[in-house]
Amino acid sequence: MSSIPLVNLKTMHDELRSEIDSAIGKVIDGNGFCLGPAVESFEQAFADYCGVKHCIGVGSGLDALTLMLKGSGIGSGDEVITQGNTFVATALAIQHAGATPVLVDHDRDTYNLDPRRLSQAITSRTKAILPVHLYGQPADMDAIHIIAQEHGLLVLEDAAQAHGAMYKGRRCGSLAGAAAFSFYPGKNLGALGDGGAIVTDDDELADWARTARNYGSRVKYQHTLRGYNTRLDAIQAAVLSVKLKRLDEWNRTRRARAALYDDLLSSIGVHIPIVLKNVEPVYHLYVIQCPERDGVLKSLQERGIGAGIHYPRSILSQPAFAKGCIVPQPLTHSDKSCHEILSLPLCPYITEEQVLEVAESIRSLVGERATP
Ligand SMILES: *Cc1c(COP(=O)(O)O)cnc(C)c1O
Numbered sequence: 141m142s143s144i145p146l147v148n149l150k151t152m153h154d155e156l157r158s159e160i161d162s163a164i165g166k167v168i169d170g171n172g173f174c175l176g177p178a179v180e181s182f183e184q185a186f187a188d189y190c191g192v193k194h195c196i197g198v199g200s201g202l203d204a205l206t207l208m209l210k211g212s213g214i215g216s217g218d219e220v221i222t223q224g225n226t227f228v229a230t231a232l233a234i235q236h237a238g239a240t241p242v243l244v245d246h247d248r249d250t251y252n253l254d255p256r257r258l259s260q261a262i263t264s265r266t267k268a269i270l271p272v273h274l275y276g277q278p279a280d281m282d283a284i285h286i287i288a289q290e291h292g293l294l295v296l297e298d299a300a301q302a303h304g305a306m307y308k309g310r311r312c313g314s315l316a317g318a319a320a321f322s323f324y325p326g327k328n329l330g331a332l333g334d335g336g337a338i339v340t341d342d343d344e345l346a347d348w349a350r351t352a353r354n355y356g357s358r359v360k361y362q363h364t365l366r367g368y369n370t371r372l373d374a375i376q377a378a379v380l381s382v383k384l385k386r387l388d389e390w391n392r393t394r395r396a397r398a399a400l401y402d403d404l405l406s407s408i409g410v411h412i413p414i415v416l417k418n419v420e421p422v423y424h425l426y427v428i429q430c431p432e433r434d435g436v437l438k439s440l441q442e443r444g445i446g447a448g449i450h451y452p453r454s455i456l457s458q459p460a461f462a463k464g465c466i467v468p469q470p471l472t473h474s475d476k477s478c479h480e481i482l483s484l485p486l487c488p489y490i491t492e493e494q495v496l497e498v499a500e501s502i503r504s505l506v507g508e509r510a511t512p
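Per this note's numbering: the sequence shown = residues 141 to 512.
Have a look at this one:
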């Protein structure tokens, strides 16, 4: 029986093991565990990679989102528009900043925030739009910026699934006022534990976030604001520096394997991902839509194929968010697609043979189910 994980971290880490061990060893020898040179050098490298001035490493993607929002002046009484089909962290960060999430439906083709739904969601309290580059495909940023400019709103990116993705030749992370990344292990750039970062060209936001992540202090025992303890761990930063050098190559492999899935699955009539012109996605997830999804998922899992659902419920249907969100219009696509979407195994270490095997399983399952 085969076993194809959704994300194969084991092979990745086996391959990088000696480099990672020596990077961790250097941090231990250098005695700098909280901030210090390992964090600074990763921050510089990741800012350069994204094409922005500043990177501020923090403890998680959720904290990156929350500090990015607070540091951009968003707080109590404000509304922030995002999409209903994202991971809960996006909405949670808006609430942790003290503001109210306004959830709009996604575009059926791309799963990203549908700019055509923004105008109806904007009120006098709206402060910002927070698009998510879901599954690693950049959001329709030009259309979002046009509406934001008309209404004087900030645009901030949730880039937690889009390390290295390009929109019109520019990297996600450089497409708005600021962006938040997650380095959760399974992300395209993942640590060996939690981590996150804010990237921005905005000097003031960068300075605030650097202070806020470290107890509100830039100079030891001088506390200029009520901060948090959410620093990017130095050992994680050292690991991320090793992995960052591989990111482009890994993303290329993800695109190649996704293209193979596209070929194999479209010929059997499965709904494959639709990619906008002018973008280069990084396939954090490869998401198809199929009828009888739950049965297909169960059969795949029985065959040892690690498929998943991202996400099985819209944010609104989560007890923690049932109250406290504004939903100007029904989330028709979100409500429907969460019953049909299916994430197939995809990572830089999945082989072509494994992609063939997954596609063949889907073919037999969808075929079987199509004939009564
Ligand atoms: C992973 C993720 C986050 C949160 O990141 P953590 O590091 O797990 O806190 C936020 N938004 C999206 C879209 C994500 O996929």
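The beta-carbon is built from N, C-alpha and C at its ideal position, and this holds for glycine as well. Small disclaimer: the values here were computed from a predicted structure and weren't measured.
{"Item": "Proximity of Ile-338 and Ala-318 at Cβ, strictly below 8 Å", "Value": "yes"}
{"Item": "Those residues which DSSP pairs with Arg-386 across a bridge", "Value": "None; Arg-386 has no bridge partner."}
{"Item": "Straight-line gap, His-291 to Asp-245 (C-alpha atoms, nearest Å)", "Value": "20 Å"}
{"Item": "Straight-line Cα distance separating Pro-177 from Pro-459", "Value": "42 Å"}
{"Item": "Gly-165 (DSSP reduced to helix, strand or coil)", "Value": "helix"}
{"Item": "Any non-hydrogen atom of ligand 1 within 7 Å of Thr-222 CB", "Value": "no"}
{"Item": "Which listed residue (Gly-201, Arg-157 and Ala-305) has its alpha carbon closest to that of Glu-389", "Value": "Ala-305"}
{"Item": "Given Gly-170 as reference, the closest of Ile-375, Met-152 and Gly-446 once Cα atoms are compared", "Value": "Ile-375"}
{"Item": "Cutoff 7 Å; reference Thr-201; Cβ partners in own chain excluding five residues on either side", "Value": "Before going further, note that residue 201 is Gly rather than Thr in the sequence given. Cβ neighbours of Gly-201 beyond the five flanking positions: Ala-229, Ala-300, Ala-320, Phe-321, Ser-322, Tyr-324 and Gly-336."}
{"Item": "Ligand 1 heavy atom lying under 7 Å from the CB of Gln-235", "Value": "no"}
{"Item": "Alpha-carbon to alpha-carbon, Glu-159 and Val-382", "Value": "7 Å"}
{"Item": "Asp-203, DSSP secondary structure in three states", "Value": "helix"}
{"Item": "Integer Cβ distance of His-411 from Gly-276, believed to fall under 8 Å", "Value": "No, His-411 and Gly-276 are not in contact; Cβ-Cβ is about 18 Å, not under 8 Å."}
{"Item": "Euclidean distance between Cα positions of Leu-416 and Trp-348", "Value": "35 Å"}
{"Item": "Identity of the residues DSSP links to Pro-241 by a beta bridge", "Value": "Val-220"}
{"Item": "Near ligand 1: Ser-357 beta-carbon under 7 Å from a heavy atom", "Value": "no"}
{"Item": "Residue from Leu-258, Gly-446, Arg-353 and Gln-260 whose Cα sits closest to the Cα of Tyr-426", "Value": "Gly-446"}
{"Item": "Euclidean distance between Cα positions of Gly-309 and Val-379", "Value": "27 Å"}
{"Item": "Complete beta strand (DSSP E) runs within the stretch 329-354 (minimum length 3 residues, chain order)", "Value": "336-340"}
{"Item": "Burial state of Arg-311, where buried means 16 or more other Cβ atoms lie within 10 Å", "Value": "buried"}
{"Item": "Tyr-426 - DSSP class collapsed to helix/strand/coil", "Value": "strand"}
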